[in-house]
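Okay, structure first, notes after.
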Amino acid sequence: MKIRHRKSEDVPADAADDLTATADETRDEPAASTGTVTDDTVGEVPAAEPARPTPTIASTPPRVREPEPSEADRGITGTVRLERDHRVLGDKVGPGDVVVIEHPDLDRRRAEDLVDRGVAVVVNVAASVSEHLPNNGPLVLARAGVVLVDAVGPDGWNLKNGDTVRVVDGAVHKGSKQVAKGTVLHVEDLRERHGAAEQALRTQLSALSANAADHLQREHELLLDGSAIPYLDVSRRGRPYLVVSRAHDWSDDLAGLRRYIRSYRPVLVGAGAGADALLEAGHTPEVVVGPLDELSDRALTSAQEVVVTTATAALPPLDRLERLAVDATLFPGVGSSEDLAILLADTNEASLVVVAGAAPDLRAVLEPGPSEAATALLSRVRAGSRVVDAKALGAFYRQRASTWPLVLLVIVAVVAVAAAIATTPVGQDWYEALGDWIGARADDVRGWFA
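In terms of this note's numbering, the sequence shown opens at residue 7 and continues consecutively.
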């Protein structure tokens, strides 16, 4: 019987050696007798046994392991915490919570606060990612494993503090009802959006620099020499100025400056619609600045001085001013009412220029467009360090002293005065008289119970 050798690639090396040795041994041994052959009978030679097919090792492809569903796909259950104030987190926010916020362009600081609290899900009512400015807040959450459900809209405020909800694939469920729906932002998506925002920012900054150079060239007499900027009444020279623009949380800015206004009596300047904002807050503007179409009749008649701005040297229609019997000063200049009001305060030697309703960040500065951003930048560069944001100044005036330190201070002062009086002859006579009076009253009280 023949022994068939398998191919080397099908058989291990050791097994091939064994097969070769077996074949050699078989050739040395005599063949076994299969039967007896006689003259009378011719036996048939049995057919050789067919060789068995050689087994082969089939190469099966490795099994592809199915990816496990992410935590966001399986769903996360947590307790709802509503955080309407985007400046600070509440004390109740803790590990595993589902925090609902309204924070456009989520910044890194707020994201790090959420990560430090150990929250499981952040549901943002607004869009977390800016289309024009790169912000790192969403990336901080995603890298920390916090699920960010983006742009759910006002439905997010339908939840209540303490509700137990389940978040599955961007949908917020309370029991069997879907309350809000947003988009889960993953790291890969955020990186792509971040890169696009960086490119958009570079484009905007290039446009800003070009517009600033062009505006400086065209308005160099206004910005460098201050020509055409009117002078106000001499009583307003050298005083602090408060310029109010009706934008960017102006009401909160004015509320935080009440003590400052009472203490320093700044010149209240209403920039455009900011004049009506001052009137609504209970203040009377001394000066209003802006084009006529931005100034209401009430603002024109309540102000002591009216400065009408125009982009050209041409006179605006004066029929309205004549009807209201209001005298006005013309201020030709290019820029927003707020920017021109800052230039006006600077020319009139303001000791400080506080701006209420100013743009709080770069995104807000660039939002109106590169041309408007350029005029805002150059007006503040001209005024220099005298320009202060009302939000920063108001923070100092909101820090009121505690009552107990004042009470202790009064007590210490009274004790000190009493001790000083006691050292004088007159003071000793007072103390003796006071002691006699107290002793007499004590005797009267004891007599009542005798």
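We treat Cβ as the ideally placed atom computed from N, Cα and C, and that holds for glycine.
| query | Among V249, L139, V127, which has the Cα closest to the Cα of A277? | reply | V249
| task | Count the CB pairs spanning the segment 185–202 and the segment 146–166 that are closer than 8 Å, and state whether there are at least three. | result | Touching, yes, given that three or more Cβ pairs across the two stretches are closer than 8 Å.
| At least three beta-carbon pairs within less than 8 Å, the segment 355–365 to the segment 243–263 | yes
| task | Could you give the DSSP three-state label for V361: helix, strand or coil? | result | strand
| request: Check whether the Cβ atoms of V313 and V295 sit closer than 7 Å, and answer yes or no. | output: Contact check for V313 against V295 passes: the beta carbons are separated by less than 7 Å.
| field | Exposure label - G280; buried when at least 16 CB within 10 Å | value | buried
| field | Inter-residue spacing [alpha-carbon to alpha-carbon] between L414 and A261 | value | If you take the alpha carbons of L414 and A261, they lie about 30 Å apart.
| Proximity winner among R87, V129, S136, relative to A370 (alpha-carbon distances) | Restricting attention to R87, V129, S136, the CA atom closest to the CA of A370 is found in S136.
| Rounded to a whole number of angstroms, what is the C-alpha to C-alpha distance between A446 and A419? | 29 Å
| message | Please classify F337 as buried or exposed, where buried requires at least 16 other C-beta atoms within 10 Å of its C-beta. | response | buried
| task | Return the CA-CA distance between A132 and Q210, expressed in angstroms with no decimal places. | result | 23 Å
| query | Tell me, which residues are paired with V185 by DSSP? | reply | Note: V185 sits in no beta bridge, so no partner.
| task | Look up L154 in the DSSP assignment and give the residues it is bridged to. | result | V128
| task | Could you tell me which residues DSSP pairs with A277 in its beta bridges? | result | S251, V295
| request: Could you spell out the range, first to last residue, of the alpha helix (DSSP H) harbouring T209? | output: 193–224
| field | Enclosing alpha helix (DSSP H) for G262 [first to last residue] | value | Per DSSP, the unbroken alpha helix (DSSP H) holding G262 starts and ends at 256–262.
| query | Going by beta carbon distance, what residues of the same chain come within less than 8 Å of G168, once the five residues before and after it are set aside? | reply | Around G168: T85, V86.
| Can you give the beta carbon distance from V3 to V173, rounded, assuming they're within the 8 Å contact cut? | As shown, the chain starts at 7 and ends at 456. That puts residue 3 outside it, with no answer to give.
| Taking Cβ positions, are L222 and G339 nearer each other than 7 Å? | no
| request: Within the same chain, show all residues whose beta-carbon is closer than 6 Å to that of E344, passing over the 5 residues directly before and after it, in chain order. | output: S251, A277
| task | Rank L88, E108, G341 by C-alpha distance to the C-alpha of G100 and give the top, closest one. | result | L88
| message | Could you tell me the alpha carbon to alpha carbon distance between G176 and G201, rounded to whole angstroms? | response | Their backbone Cα atoms lie some 24 Å apart in a straight line.
| How would you label H109, buried or exposed, when you count the other beta carbons within 10 angstroms and need 16 or more for buried? | buried
| field | Close-in-space but distant-in-sequence residues of the same chain around L284 (CB under 8 Å, 5 per side omitted) | value | Once the five neighbours on either side are set aside, the close Cβ partners of L284 are V250, L260, L274, G276, T290, P291.
| message | Quick check on the burial criterion: 16 or more other C-beta atoms within 10 angstroms. Buried or exposed for Y266? | response | Counting other Cβ atoms within 10 Å of its Cβ, Y266 reaches 16 or more and is therefore classed as buried.
| query | So, is S39 buried or exposed, given that buried needs 16 or more other C-beta atoms within 10 angstroms? | reply | Annotation note: pLDDT 42 at S39 (below 50); position unreliable, no value reported.
| request: State the Cα-Cα distance for the pair V387 and L112, rounded to the nearest angstrom. | output: 29 Å
| Given A148, which residues of its chain have a CB within under 7 Å of its CB, disregarding the five upstream and five downstream residues? | L154, L191, H192, V193, L196
| field | Alpha-carbon to alpha-carbon, A218 and G341 | value | 12 Å
| What is the DSSP secondary structure of T353, counted as helix, strand or coil? | In this structure, T353 counts as helix in the three-state DSSP scheme.
| said: For E328 and A347, I'd like the C-alpha separation in whole angstroms. | reply: 24 Å
| request: Indicate whether A389 and D352 have their beta-carbon atoms separated by less than 7 Å. | output: One thing to note: A389 has its Cβ within 7 Å of the Cβ of D352.
| message | Measuring only the C-alpha atoms, how far is A186 from V129? | response | 9 Å
| Taking the alpha carbon of A398 as the point to measure from, which residue in L384, D258, P140 has its own alpha carbon closest? | D258
| said: Going by the DSSP bridge assignment, what does T170 pair with across the sheet? | reply: T85
| said: With DSSP as the reference, identify every bridge partner of L336, one or two as the case may be. | reply: In DSSP, L336 forms a bridge with V314.
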